[in-house]
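Enquirer: Have a look at this one before I ask anything.
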Amino acid sequence: MKRSIFVINGPNLNRLGKREPEIYGTTTLLEIERMCRQAAGKWPMRFHQSNLEGEMINWIHEAIDEGAGIIINPAAFSFTSIAILDALKMFPGPIIELHISNIHKREAYYHHSLVSKIATGIMIGLGPSGYAIAVKAMLNLLTSKPTTGGIKK
Ligand code: CA2
Numbered sequence: 005m006k007r008s009i010f011v012i013n014g015p016n017l018n019r020l021g022k023r024e025p026e027i028y029g030t031t032t033l034l035e036i037e038r039m040c041r042q043a044a045g046k047w048p049m050r051f052h053q054s055n056l057e058g059e060m061i062n063w064i065h066e067a068i069d070e071g072a073g074i075i076i077n078p079a080a081f082s083f084t085s086i087a088i089l090d091a092l093k094m095f096p097g098p099i100i101e102l103h104i105s106n107i108h109k110r111e112a113y114y115h116h117s118l119v120s121k122i123a124t125g126i127m128i129g130l131g132p133s134g135y136a137i138a139v140k141a142m143l144n145l146l147t148s149k150p151t152t153g154g155i156k157k
């Protein structure tokens, strides 16, 4: 049995598609989940969202025990949560940090993500469809053979 890809979403992302469509688009989180599952095909996936930091940390712990890779949109916790950073540091597999919007085009307090320091790769500013691209990139990371000079994690 393959280990799952965990897709973990942080605070307020349950409201996607309902407000600020000019920044986040009109796609709901349920539609994003469907896009992710389609992109993953038969690869098992766990898709989660929480407004609570501790709940996100518990899912990262479950990924440490049972997961192959993590795609995480930590939302506002990207910029504040050393606890999420510490949990992610324990994960031995690939981590893709994802943001729907281009955080570097926005206010300065959105520019410095703590999670970027330990992410294998970062997907920023490609809108909701960035999730499906991140799933494909994760499948590639999980199935491609390591090469000399390739990515470490
Ligand atoms: O662009 C992203 O994916 C973000 O992670 C979204 C976070 C924001 O704090 C990050 O800087 C970038 C905020 C999510 C707010 O969610 C909303 C959902 C629906 C409508 C309005 C906001």
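What the sequence shown shows, in our numbering, is residues 5 to 157, in sequence order.
Where a beta carbon is used, it is the ideal one built from N, C-alpha and C, also for glycine.
1) From the DSSP output, which residues share a beta bridge with leucine 1?
2) Compute the minimum distance between the beta carbon of isoleucine 86 and the heavy atoms of the ligand CA2, and state whether it is under 7 Å.
3) What's the gap between the Cα of methionine 5 and the Cα of glycine 58?
4) Whole angstroms are fine: how far does the CA of isoleucine 75 sit from the CA of cysteine 40?
5) Since tyrosine 28 contacts serine 105 with CB under 8 Å, what's their CB separation in whole angstroms?
6) Could you tell me which whole alpha helix (DSSP H) segments of length 4 or greater appear in the region 31–91?
7) Exposed or buried, what is proline 96 when buried is set at 16 or more other beta-carbons lying within 10 Å of its beta-carbon?
8) Look up isoleucine 137 in the DSSP assignment and say whether it is helix, strand or coil.
9) Report whether the distance from the Cβ of tyrosine 135 to the nearest heavy atom of the ligand CA2 is below 7 Å.
10) Tell me phenylalanine 10's beta-bridge partners as DSSP assigns them.
Expert: Reading it off the structure:
1) Because the chain spans 5 through 157 in this model, residue 1 falls outside it and cannot be assessed.
2) no
3) Between methionine 5 and glycine 58, the C-alpha separation is close to 28 Å.
4) 10 Å
5) 6 Å
6) 33–44, 57–70
7) exposed
8) helix
9) A distance criterion of 7 Å places the beta-carbon of tyrosine 135 beyond contact range of the ligand CA2, judged by its closest non-hydrogen atom.
10) Beta-bridge pairing links phenylalanine 10 to Arg50, Ile74.
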